[in-house]
Each structure stands twice: as C-alpha cells, then as structure tokens.
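Engineer:
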Amino acid sequence: MSIRVSPIGKDLAEKGPSRPVSTAEERVMRAAIRLARRGIGTTHPNPRVGALVLRDGEVVGRGFHARAGEPHAEARALEEAGGRARGGTLVSTLEPCAHQGRTPPCVDAILGSGIRRVVLGMRDPNPLVDGRGVGALRAAGVEVIEGVLNASCRDLNLPYLKFLATGLPWVTLKSMVSLDGRVASESGDSRGMGGAAEVKLCHRLRAGQDAVLVGIGTVLADDPELTVRLVRGRNPLRIVLDSHLRVPPGSRLVQSAARVPLLVATVSEDRCLTDALVRRGVRVWRFERDATGRVPLRPLFKRLAEEGELSILVEGGPTVHTALLREGLADRVAIGLAPLILGGTKAPTWTRDLGRARLDEALEVDSLVMRRVGRDLWIEGSLRTAGGRGV
Ligand SMILES: NC(=O)c1ccc[n+]([C@@H]2O[C@H](COP(=O)([O-])OP(=O)(O)OC[C@H]3O[C@@H](n4cnc5c(N)ncnc54)[C@H](OP(=O)(O)O)[C@@H]3O)[C@@H](O)[C@H]2O)c1
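Take the sequence shown: its position 14, counted from the start at 1, is 14 in our numbering, and no numbers get skipped.
(1) Let me know the secondary structure DSSP gives Leu263 once reduced to three states.
(2) Taking 8 Å as the cut-off, is the C-beta of Ala221 nearer than that to any heavy atom in ligand 1?
(3) Comparing the CB of Glu416 with every heavy atom of ligand 1, is any distance shorter than 8 Å?
(4) Can you find at least 3 beta carbon pairs, one from the region 275-285 and one from the region 249-265, that sit closer than 8 Å?
(5) Go to Lys174, then tell me how far its beta strand (DSSP E) extends in each direction, as first and last residue.
(6) Starting from the Cα of Ala85, find the closest Cα among Val60, Ala98 and Glu74 and give me that residue.
(7) Determine the direct distance from the alpha carbon of Leu237 to that of Glu80, and round the result to whole angstroms.
(8) Cα separation between Thr93 and Leu120?
(9) Could you compute how far the alpha carbon of Asp376 sits from the alpha carbon of Lys174?
(10) Terminal residues of the continuous alpha helix (DSSP H) containing Ile239?
(11) Using a threshold of 8 Å, is the CB atom of Lys302 nearer than that to any non-hydrogen atom of ligand 1?
(12) With DSSP run on the structure shown, which of helix, strand or coil describes Ile3?
(13) Since Val148 and Glu25 should fall inside the 8 Å C-beta cutoff, what is the C-beta to C-beta distance between them, to a whole number of angstroms?
(14) From the DSSP output, in three-state form, read off Glu80 for me.
(15) For ligand 1, is there any heavy atom lying closer than 8 Å to the beta carbon of Ser175?
(16) Should Lys346 go down as buried or exposed, given a rule of 16 or more other Cβ atoms within 10 Å for buried?
(17) Going by DSSP, name the residue or residues bridged to Ile312.
(18) To the nearest whole angstrom, what separates the beta carbons of Gln209 and Ile335, a pair I think is in contact under 8 Å?
(19) Measure the alpha-carbon distance for Ile341 versus Asp180 and round it to whole angstroms.
(20) Return yes when at least one heavy atom of ligand 1 lies under 8 Å from the C-beta of Asp290, else no.
(21) Just reading off the alpha helix (DSSP H) that Phe301 is part of, what are its end residues?
(22) In terms of alpha-carbon separation, which member of Ala151, Phe287 and Thr266 lies closest to Val247?
(23) So, under 8 Å CB-CB, Glu74 and Ala51 are touching, yes? Tell me the CB distance rounded to an integer number of Å.
(24) Taking the alpha helix (DSSP H) that Val107 falls in, what are its first and last residues?
(25) Could you tell me the boundaries of the beta strand (DSSP E) in which Ile145 lies?
(26) Are Gly374 and Gly195 closer than 9 Å when you measure CB to CB?
(27) Helix, strand or coil, according to DSSP, for Ser256 in the structure here?
(28) Flag this pair as yes or no: are the beta carbons of Gly316 and Val228 separated by less than 9 Å?
(29) Where does Val320 fall in DSSP's three states?
(30) How many angstroms separate the CA atom of Gly131 from the CA atom of Ser113?
(31) Taking 9 Å as the cut-off, decide whether the C-beta atoms of Trp378 and Arg384 are in contact.
(32) Does DSSP classify Met29 as helix, strand or coil?
(33) To which residues does DSSP link Leu337 through a beta bridge?
(34) Which first and last residues belong to the alpha helix (DSSP H) in which Gly50 is found?
(35) Taking the alpha-carbon of Arg138 as reference, which of Pro127, Asn126 and Arg117 has the nearest alpha-carbon?
(36) Helix, strand or coil: which one does DSSP assign to Ser382?
Pasting the structure below:
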C-alpha cells in the first residue's frame with residue numbers, strides 16, 4: 001500500500017462532539033466501537049470501523065469492517081437495515097469514504113439509503129478521505145455530528161493513525177521478566193518463565209497484530225514458532241532480524257515457513273544461504289547494513305508499513321528491545337512479571353544501555369494498565385515519546 005504521509009488534522013482531537021448528541025447515540029457509539037474491535041487483526045492495512053443504523057431509537061442495522069476488499073462497516077450496517085434506514089441515523093466510528101476504492105464509496109450508500117443524520121467518532125485522516133466524506137454528506141443536506149467518543153475511536157486505530165502521520169508501524173515491545181527484571185536465567189533459559197495464562201494471553205496478543213518480530217538471538221536460544229495456537233485467530237507475519245543469515249534450517253520458524261509466512265531481514269549477500277531459505281518458503285529482504293553492521297531498523301519498518309504491516313509485536317530479547325528504544329521506534333510496552341527472583345550477575349534484564357545515565361533522562365511510560373494473569377502480573381503502557389502520541 002502506498003499512501004501519501006500527511007500530518008493528522010488535530011482539529012477535532014480531544015474536543016467534544018460538534019453538536020449535542022443524545023446519551024442513546026453515545027451508547028450506540030460504544031456499541032459501534034465494540035463491533036469495530038472484531039476487525040482487530042484482520043483489517044490491515046485498512047482501519048477498524050464499526051457502524052450501526054438507528055431508526056426511532058431502535059438499532060436496525062449493524063456492521064464492521066472485517067477485511068480489506070470486503071464491504072465497509074457503513075455499507076454492511078445499511079444493508080442489514082434495508083428500507084428501515086430511511087429517515088434514520090447512522091452512527092459510525094470513522095468518517096465514511098467518498099471515493100471509489102476496492103469497494104464503492106460509502107457516502108453514496110448513505111445518501112441512497114435516505115439516512116438523515118450521521119454521528120461520527122472521528123474524521124479519517126487518510127488524504128483520500130479527510131473531510132471529503134463529511135463534506136459530501138453535508139452538501140447533500142444530511143446532518144453530520146462529529147467527535148462523539150473521539151478519544152476511544154482514535155484508540156481503536158492507533159496503528160493506522162501512526163502510519164498516516166509518520167509512515168511507520170505501531171510497535172509494542174513485549175517481554176516476560178522475573179521480579180528482579182531478568183528475561184532469562186544465567187544459563188540463558190527463558191522458556192517457561194510465564195505461566196499458562198500468560199502464554200495464552202501472548203497468543204491472543206499475536207492474533208491481534210499484523211506481524212511479530214524477534215532477533216536471531218531469541219531464535220538460537222529458544223527456537224520459538226511464534227504462531228497462534230492456544231486461541232482462535234490468524235497468524236501474524238513472523239519476522240526475524242538476522243544480519244548474517246544464521247537462522248537454522250531446522251528451526252521451528254523455518255520448518256513452518258511453507259504454512260505460516262516468515263520474513264528474514266538481513267544484510268548478508270550470501271546467495272547460497274538466501275536461496276536455501278527461499279526454497280523453504282522464507283521471504284528474505286536484504287538491506288544495506290546500519291552503522292553497527294546490522295539490519296537497519298527504520299528502513300525495515302518503513303517497508304513493512306508500506307506493505308500494510310501496521311502493527312508489530314516485538315517478542316525479542318534485550319538486544320532488539322534496546323535498539324528499538326534507542327531509535328525511538330517503540331510505542332508501547334507490555335511486560336509480564338513472573339513471581340520469580342533469578343539473581344545472578346549475568347542474567348539479562350529486558351533492556352541494555354539506552355544511553356540515558358540520569359534519572360531525569362529515563363523513558364516515561366503513560367497510562368499504565370496492570371492486571372493479574374494467572375500466577376503472573378501484566379503491565380502495559382504507552383511510551384511518552386511514542387510516535388503515536390501526537391496521533
Ligand atoms: N523472557 C522473554 O520474554 C524473552 C523473550 C525473548 C528472548 N529472551 C531471552 O533473551 C536472550 C536472547 O537475547 P538477545 O538479545 O540475543 O536476542 P534478540 O534481541 O532477539 O536478538 C538479538 C540479535 O538480533 C540481531 N539483529 C539484527 N539486526 C539488529 C538490529 N538492528 N538491532 C538489534 N539486533 C539486531 C543481532 O544478531 P545479528 O547481528 O547476528 O543478526 C542481535 O544479536 C535469550 O536468553 C532468550 O531466552 C527472553
């Protein structure tokens with residue numbers, strides 16, 4: 001996908017709705033957000049959208065966007081409502097499109113249905129839409145109310161919004177650590193650090209992401225498969241950072257490459273190793289080495305985002321997490337805390353040198369959420385410097 005990168009219009013961000021809305025309409029917007037969430041993990045590179053049609057206070061149509069190329073949420077809700085949409089209200093988490101894409105413009109469907117009032121969570125900053133949908137509706141005499149539950153509607157689409165603002169994917173760093181912050185024991189063991197519920201949660205997280213990424217260090221130490229097995233859901237694209245193509249042909253990742261997509265990012269020019277991987281169904285992307293001789297992260301992430309991989313879960317070791325934090329490419333952290341104390345002088349912690357010696361230079365994490373997951377604790381939050389903050 002290639003979309004012109006434009007700054008996000010902040011005009012409506014965090015403002016209230018443009019006109020008074022009824023609590024019923026807010027309630028319906030909440031339902032639209034819940035519907036939109038059903039598209040998490042499958043809509044990429046399109047946004048997650050939910051919509052409902054109201055007639056005389058009753059919901060007569062529901063829709064969400066499931067997959068690029070399939071009908072948009074508004075079109076599905078209007079189809080379900082049929083003739084009952086006439087004179088009614090459409091509530092949608094995102095501005096409807098007014099252009100012909102892989103599906104017809106939603107604005108045409110709305111105008112054709114006889115809808116009188118449209119209640120929206122946010123404008124779509126995609127330059128192909130950005131105000132055109134709202135403009136076309138108003139020009140046709142439809143009342144449009146914007147900004148209802150705006151912050152929640154934006155939260156639905158942080159990867160999409162970050163991509164449009166920066167051209168980069170939304171990146172979550174995930175790590176399982178002991179109470180003393182170690183990701184592995186001195187002998188390098190880390191498998192089994194998380195309890196059964198944490199492992200299941202990790203599979204659920206994967207299913208909601210476009211891609212999951214590790215460094216070759218994790219592949220060599222743990223031989224992970226990085227698939228979704230313990231919950232229902234699709235497998236994300238699996239990515240390995242591997243400067244010298246050391247990924248073993250017998251690893252679980254390579255062995256499963258014909259079934260679940262695997263991408264190896266490298267700086268190696270070794271044709272023999274490359275061909276051997278390609279023969280096994282692995283995609284190999286070669287880059288010019290970065291200043292440290294490794295895979296350059298920013299060009300890799302830009303290319304991934306352009307190909308529609310807008311959300312990436314990083315399940316690597318300390319080297320990859322540290323590199324992403326140092327380059328300002330991480331947006332969110334998700335840390336599992338196991339009730340274990342490992343100690344040791346060589347047992348690794350989940351980050352290494354971030355080049356920040358003083359307390360007032362520490363990276364800050366906002367909006368912390370903490371919960372119990374089986375025998376473990378789970379802590380998530382967004383980095384204050386995250387690309388998504390201005391989004
Ligand atoms: N508890 C947990 O959640 C958890 C999760 C994962 C791993 N671990 C543990 O962590 C340890 C492995 O740590 P690790 O740091 O070696 O693993 P890692 O961060 O997954 O892999 C690091 C390797 O990635 C490669 N790489 C390529 N380009 C890079 C770039 N731009 N920036 C950074 N790395 C790049 C480098 O090797 P090349 O230059 O040769 O390509 C580097 O050595 C193991 O003990 C494992 O069990 C624990």
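The beta-carbon is built from N, C-alpha and C at its ideal position, and this holds for glycine as well.
Structural biologist: Reading from the atomic positions:
(1) Looking at Leu263 - three-state DSSP - the assignment turns out to be strand.
(2) True, at least one ligand heavy atom lies under 8 Å from that Cβ.
(3) Summary: the structure shown does not reach residue 416, with the chain confined to residues 1 through 391, and so no result is reported for it.
(4) Put simply, the region 275-285 touches the region 249-265. At least three CB pairs are less than 8 Å apart.
(5) Looking at the DSSP string, the run of the beta strand (DSSP E) that includes Lys174 is Trp170 to Ser178.
(6) The shortest Cα separation from Ala85 among Val60, Ala98 and Glu74 belongs to Val60.
(7) When rounded, the distance between both Cα atoms is 33 Å.
(8) For Thr93 and Leu120, the distance between alpha carbons rounds to 6 Å.
(9) Computed Cα separation, rounded: 14 Å.
(10) Ile239: not part of any alpha helix (DSSP H); member of the beta strand (DSSP E) spanning Leu237 to Leu241, first to last residue.
(11) Not under cutoff, so the answer is no.
(12) For Ile3, the pLDDT reaches just 32, beneath the cut-off of 50, and the residue's location in the model is therefore unreliable, although a value from the coordinates is still provided. If DSSP states are grouped into helix, strand and coil, Ile3 belongs with coil.
(13) Sure, about 7 Å apart at Cβ, within 8 Å.
(14) Here Glu80 sits in helix by DSSP.
(15) Answer for Ser175: yes, Cβ within range of ligand 1.
(16) Burial is judged here by how many other beta carbons sit within 10 angstroms of a residue's own beta carbon; Lys346 has fewer than 16 and is exposed.
(17) Looking at the DSSP output, Ile312 shares a beta bridge with Val171 and Ala211.
(18) No, Gln209 and Ile335 are not in contact; Cβ-Cβ is about 17 Å, not under 8 Å.
(19) Cα-Cα distance, rounded: 6 Å.
(20) It does: the Cβ of Asp290 is within 8 Å (strictly closer) of some heavy atom of ligand 1.
(21) From DSSP, the alpha helix (DSSP H) with Phe301 extends over Leu297 to Glu306.
(22) The candidate whose alpha carbon is nearest that of Val247 is Thr266.
(23) Contact between Glu74 and Ala51 holds: CB atoms are separated by about 5 Å, below the 8 Å threshold.
(24) In this chain, the alpha helix (DSSP H) harbouring Val107 covers Cys106 to Ser113.
(25) For Ile145, the enclosing beta strand (DSSP E) starts and ends at Glu143 to Ile145.
(26) When the beta-carbon positions are compared, Gly374 and Gly195 come within less than 9 Å of each other.
(27) Note: Ser256 maps to coil in three-state DSSP.
(28) Not a contact, by the Cβ cut-off of 9 Å.
(29) Looking at Val320 - three-state DSSP - the assignment turns out to be helix.
(30) Taking the straight line joining both Cα atoms gives about 21 Å.
(31) Taking C-beta atoms as the reference points, Trp378 and Arg384 fail to come closer than 9 Å.
(32) Helix.
(33) Per DSSP, the beta bridge partners of Leu337 are Val177 and Leu377.
(34) Per DSSP, Gly50 lies in no alpha helix (DSSP H); the unbroken beta strand (DSSP E) holding it starts and ends at Gly50 to Arg55.
(35) When only C-alpha atoms are compared, the closest one is Arg117.
(36) If DSSP states are grouped into helix, strand and coil, Ser382 belongs with the strands.
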